[in-house]
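Those protein sequences? They're chains A and B, same order as listed.
Here our numbering is used: the first residue of the first sequence is 201, the next is one more, and so on.
Here our numbering is used: the first residue of the second sequence is 201, the next is one more, and so on.
No residue lacks a Cβ here, since even glycine has one placed at the ideal position from N, Cα and C.
There are 2 protein chains.
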Amino acid sequence: MTAQSINPRTGQAFGPVFADTSFGEIESIIEQAKVGFNAWSTASIAKRAEALNAIADALDNNLTELVEIADLETGLGVPRLTSEVGRTSFQIREFAKAIHAGRFITPEIDVAADAPLPAGHPELIRAVSPLGIVVVFGANNFPFAFSVLGGDTASALAAGCAVIAKAHPSHPQTSTMVHKLATQALADQGFPVGVLSLIHGVEAGVIALKSEVVSAGAFTGSRAGGRALFNIAQSREIPIPFYGELGSVNPVVALASGLSDPKAFATAYLDSLLLGNGQFCTNPSILFVPSGSSIVSEIESQIVDRSPTPFLSPATKTSHDNNRAKLAKLLSADPVVGKTIDDGGIYSAPAIIRTTAAQVSAQSEALATECFGPTGLVITYSSIAELLATLDHCEGALAGSVFAATDDDNAIKACRALAQKVGRLAWNSWPTGVAVSVGQQHGGPYPASTSSIHTSVGLHAITRFLRPISYQSLPKEIADQLL
Amino acid sequence: MTAQSINPRTGQAFGPVFADTSFGEIESIIEQAKVGFNAWSTASIAKRAEALNAIADALDNNLTELVEIADLETGLGVPRLTSEVGRTSFQIREFAKAIHAGRFITPEIDVAADAPLPAGHPELIRAVSPLGIVVVFGANNFPFAFSVLGGDTASALAAGCAVIAKAHPSHPQTSTMVHKLATQALADQGFPVGVLSLIHGVEAGVIALKSEVVSAGAFTGSRAGGRALFNIAQSREIPIPFYGELGSVNPVVALASGLSDPKAFATAYLDSLLLGNGQFCTNPSILFVPSGSSIVSEIESQIVDRSPTPFLSPATKTSHDNNRAKLAKLLSADPVVGKTIDDGGIYSAPAIIRTTAAQVSAQSEALATECFGPTGLVITYSSIAELLATLDHCEGALAGSVFAATDDDNAIKACRALAQKVGRLAWNSWPTGVAVSVGQQHGGPYPASTSSIHTSVGLHAITRFLRPISYQSLPKEIADQLL
């Protein structure tokens with residue numbers, strides 16, 4: 201197989217053809233990764249942090265060229281991609297800062313307790329060790345922040361792991377450029393090429409994930425693809441952690457008390473839904489509104505004036521269009537659509553599908569159908585009881601929102617119900633916009649994530665790649681050399 | 201299927217026959233567990249801690265009867281079982297104390313940052329929520345500390361989860377008595393029966409693990425059984441975390457500098473190896489000693505005088521004897537055996553199998569053969585290089601030890617090599633004896649554990665059952681009710 205960039209604005213292929221990494225090439229990449237891991241995991245924390253900062257600098261110093269090629273490959277636009285590079289270098293620096301400050305990696309010293317059993321015990325130093333070599337599968341919708349040098353790679357590197365990154369086929373040139381910049385920065389710091397390797401092709405990724413020297417996998421992408429890789433990781437002779445983010449149908453709940461300005465609410469909703477052509481894992485997939493509210497007609501009247509931006513790839517459009525058609529059929533609904541663009545680019549008109557809580561409860565597959573793109577499902581509910589019952593049918597999701605007045609007695613009920621389903625609950629704010637912050641939880645119940653107790657954004661992401669080891673009664677001379 | 205207690209000292213069955221929990225019974229137990237989870241997870245932390253302490257008190261207040269029945273079922277002896285009950289109530293109280301102090305459960309408040317992106321962000325409160333209902337599979341070798349009210353149950357309850365405990369068939373009466381005491385203590389505190397349920401039979405455990413309302417599994421036992429359950433948990437439509445401890449071949453390394461008193465060392469080694477008839481997941485399965493040392497002949501001269509204590513069950517003896525025979529055959533070695541007891545009880549003579557690093561490297565399956573019982577493998581090595589190469593062939597293990605002088609240059613090399621393989625590294629001390637302490641790590645690379653980044657002993661065990669949720673921009677009035 202091969203991959204070639206397609207310009208979403210023209211539908212035309214351009215640039216070099218990338219062949220899938222061959223079996224022989226992967227074998228040598230894995231050997232290099234072993235060397236890389238040895239060098240990286242044994243380097244001092246100060247040196248590791250310095251190298252991470254050098255990688256971040258390399259991104260910032262090449263901002264213009266990076267954004268230019270990524271824009272051609274993804275059509276996401278210069279402003280968004282510029283801020284995405286900034287987010288990517290920022291999160292690499294945040295991890296560098298965290299480990300430099302000893303955060304998450306400082307050994308926990310449990311001093312000996314001279315007491316009868318069960319309270320008495322020898323000294324135990326609980327330290328952490330990097331898991332090993334991690335395979336990271338890049339996402340299509342964030343060519344920087346969730347790709348070769350995205351959060352998974354940054355947190356794995358910060359933990360002391362080596363990374364084999366699998367490029368997403370929709371932006372192979374961006375991936376290659378990012379990889380080159382990173383390995384050059386690492387080389388300048390004296391690190392071998394195997395600290396961060398790049399591979400192309402699904403089969404190459406599978407071979408890497410099956411390799412006995414690989415210790416973990418991380419993935420952001422489709423449910424089917426992620427589950428297949430999860431199954432591979434779990435059915436190995438030695439299973440390994442697989443941190444998959446598999447797509448998410450995010451529920452947003454509006455109570456009547458949160459809808460004081462229907463017009464502004466509808467505008468904000470459509471802005472969130474259509475951000476990046478709806479290609480966000482946190483987009484407001486489902487909006488619950490009280491029946492009888494004017495909000496639905498307000499949304500429908502506004503969407504007709506909305507224009508699409510391009511899909512990331514022809515495959516993304518096909519998948520979206522199929523899911524939109526499935527949803528419309530399941531609910532016997534006619535989507536209300538916005539404007540189309542017919543200039544050879546990869547577009548679909550934005551759309552709203554309207555249904556009722558009663559209908560959707562009879563067709564709960566609709567609640568599990570992710571339209572990754574510019575389609576929103578608006579569900580009207582007739583009572584708080586019906587709302588809560590319908591929420592109970594929702595799948596696990598990355599994020600959700602509640603719009604309500606603080607003194608609305610139903611607000612707490614809606615929050616409680618939603619918290620069962622999501623990894624992040626936003627109050628009177630939209631689920632899009634995932635801050636890179638220590639308090640962030642980007643990971644929800646399955647299928648949103650394969651491990652809901654972990655996050656892929658924010659500093660806690662590093663804990664996915666650290667294994668604790670307790671050292672019992674270690675003399676100081678040995679501890680000083682070992683830890 | 202049914203289970204009945206067998207007295208290991210006589211080989212005779214006694215007491216009531218326990219039928220496997222039927223499908224219908226499990227369905228109603230699961231319904232009860234849902235009710236139990238609702239009550240338990242929404243109780244205040246103070247109330248939860250109080251109930252945990254009441255459970256611990258119930259164990260201590262019934263010490264004599266508990267030990268009596270457990271001794272009849274396991275043959276582990278009154279002193280060991282008395283201390284095991286103490287360990288069990290202690291660890292329940294430690295978890296109660298930890299949550300009462302807010303440890304692991306206090307929300308992390310990430311205040312809003314008023315700055316341009318990517319640094320700016322809204323307030324995020326990262327709180328934790330109990331995963332749900334947990335199925336705990338009890339171990340045969342710790343009828344209290346790793347069974348119905350063992351560390352898995354205690355940490356899951358402390359996290360706010362409800363537990364369905366599957367009794368080990370080798371001690372159904374002890375399991376039933378422990379469960380009765382716990383549910384009575386919970387009832388006295390106003391909690392429903394479903395907070396902690398008891399089931400019998402492998403199929404019942406599998407049905408529970410497959411139930412869509414179950415959110416996690418925890419297991420201590422054999423590699424084959426644990427892997428089968430792990431596979432079930434991972435291949436569900438919605439996979440769930442499965443924290444399995446699957447048995448461990450623990451390597452102990454003695455350098456020449458650590459063997460100044462061969463006679464005392466041999467005695468201490470055999471004491472550790474034969475503790476509880478060798479039925480410890482942390483027993484010193486493999487001992488590496490320098491060739492030419494007098495230690496091997498010292499061990500062999502001492503073992504002939506050692507007597508066995510009973511196996512936990514006929515099945516444990518059969519499995520041990522088969523593995524010992526397999527090991528002897530793989531290595532073409534004649535075990536040197538100790539004394540036998542032939543009074544109708546379930547015994548095998550203690551034994552040492554001696555081999556060389558060269559032999560075992562040619563038959564690395566031997567390094568993966570766990571003789572769960574009174575059999576030790578002693579491996580002589582001719583150089584530090586040969587030792588390190590052989591250690592590299594070892595599987596993941598729960599614990600390991602290094603015996604050496606502090607100023608021995610090879611000590612650090614041995615520690616580094618061993619740390620790759622184990623979850624706990626003991627210096628000049630034996631791997632048996634797992635302190636219930638915050639610094640403890642009882643979990644090593646597979647097959648020792650299915651999740652080496654977690655521990656099943658010590659306070660950190662609670663994190664296995666807590667899911668983080670970030671609350672974004674939550675007003676104080678709502679936060680006060682919700683968190």
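Just measuring C-alpha positions, the residue of B/F337, B/L659, B/A358 and B/I486 sitting nearest B/A428 is B/F337.
Following the DSSP letters along the chain, one finds A/F337 inside the beta strand (DSSP E) bounded by residues I333 to F337. Secondary structure of A/P508 (DSSP, three-state): coil.
Contact check for A/V602 and A/L618: beta-carbon distance about 6 Å, within the 8 Å limit, so the pair qualifies.
B/E445: member of the beta strand (DSSP E) spanning F442 to E445, first to last residue. In chain order, P307 and A327 place their CB closer than 6 Å to the CB of A/L683, counting only its own chain and leaving out the 5 sequence neighbours on each side. B/E445 does not reach chain A, its nearest Cβ partner there being about 14 Å away, counting only Cβ pairs nearer than 7 Å.
Residue state for B/E308 is assigned as strand, using DSSP reduced to three classes. Our two residues, A/A551 and B/H321, have alpha carbons roughly 30 Å apart in a direct line. Assignment of A/S561 by DSSP, reduced to helix, strand and coil, places it in the helix class.
Here A/V634 is actually not in contact with B/D310; their C-beta atoms are around 13 Å apart, not less than 8 Å. Sequence-distant Cβ neighbours of A/R667 in its own chain, meaning closer than 7 Å and more than five residues away, are V328, S329 and L331. Within chain A, the residues A635, S637, G639 and Q640 have their CB atoms less than 7 Å from the CB of B/L324, given in chain order.
C-alpha of B/I226 to C-alpha of B/A339: approximately 20 Å in a straight line.
Leaving aside the five residues that flank A/R524 on each side, the residues in its chain whose CB is nearer than 6 Å to its CB run, in chain order, C571 and T575. The beta carbon of A/R624 is closer than 6 Å to those of A599 and Q641 in its chain, skipping five residues each way along the sequence. Not a single CB atom of chain B sits nearer than 9 Å to the CB of A/A568. Residue burial annotation: A/V504 is exposed, with fewer than 16 other C-beta atoms found within 10 angstroms of its C-beta. A Cβ-Cβ contact shorter than 9 Å links B/G643 with B/E445.
In the same chain as B/K517, and ignoring 5 residues on each side of it, the C-beta atoms closer than 8 Å to its own belong to F511, I546, Y547, S548 and G573, in chain order.
Non-local beta-carbon contacts of B/F430 in its own chain, meaning distances under 6 Å to residues more than five positions away in sequence, involve F442, G444 and T650 in chain order. Beyond the five residues adjoining it in sequence on each side, B/P462 comes within less than 6 Å, by CB distance, of S494, I495 and E498 in the same chain, given in chain order.
In the pairwise beta carbon analysis, the region 227-234 of chain A is classified as touching the region 357-375 of chain A: at least three pairs are separated by under 8 Å.
Excluding its 5 nearest sequence neighbours in each direction, B/R293 has C-beta neighbours in its own chain below 8 Å: L252, N253 and A256, listed in chain order. Annotation for B/S670: L324 and R326 place their beta carbon closer than 6 Å to its own, counting only its chain and skipping 5 residues before and after. Within the region 562-595 of chain A, no residue has a Cβ lying closer than 7 Å to any Cβ of chain B. The region 552-563 of chain B makes contact with the region 531-542 of chain B: 3 or more CB pairs, one atom from each, lie closer than 8 Å.
A distance of 9 Å or more separates the beta carbons of A/G478 and A/T420.
Around B/Q434, the beta-carbon contacts reaching into chain A at under 7 Å are Q434. A/H654 and A/R664 have their C-alpha atoms some 7 Å from each other. For A/G286, the closest of B/R280, B/K676 and B/P318 by C-alpha to C-alpha distance is B/P318. Residues of chain B with a Cβ closer than 7 Å to the Cβ of A/C615 are, in chain order, I678 and L682. Within chain B, the C-beta atoms nearer than 7 Å to that of A/T655 come from P668, in chain order. For A/G286, the chain B residues whose C-beta falls within less than 8 Å of its own C-beta are L317 and P318, listed in chain order. Under the Cβ distance rule, B/A428 does not count among the residues neighbouring chain A, no pair being separated by less than 9 Å.
For B/A387, the enclosing alpha helix (DSSP H) stretches over residues P372 to D388.
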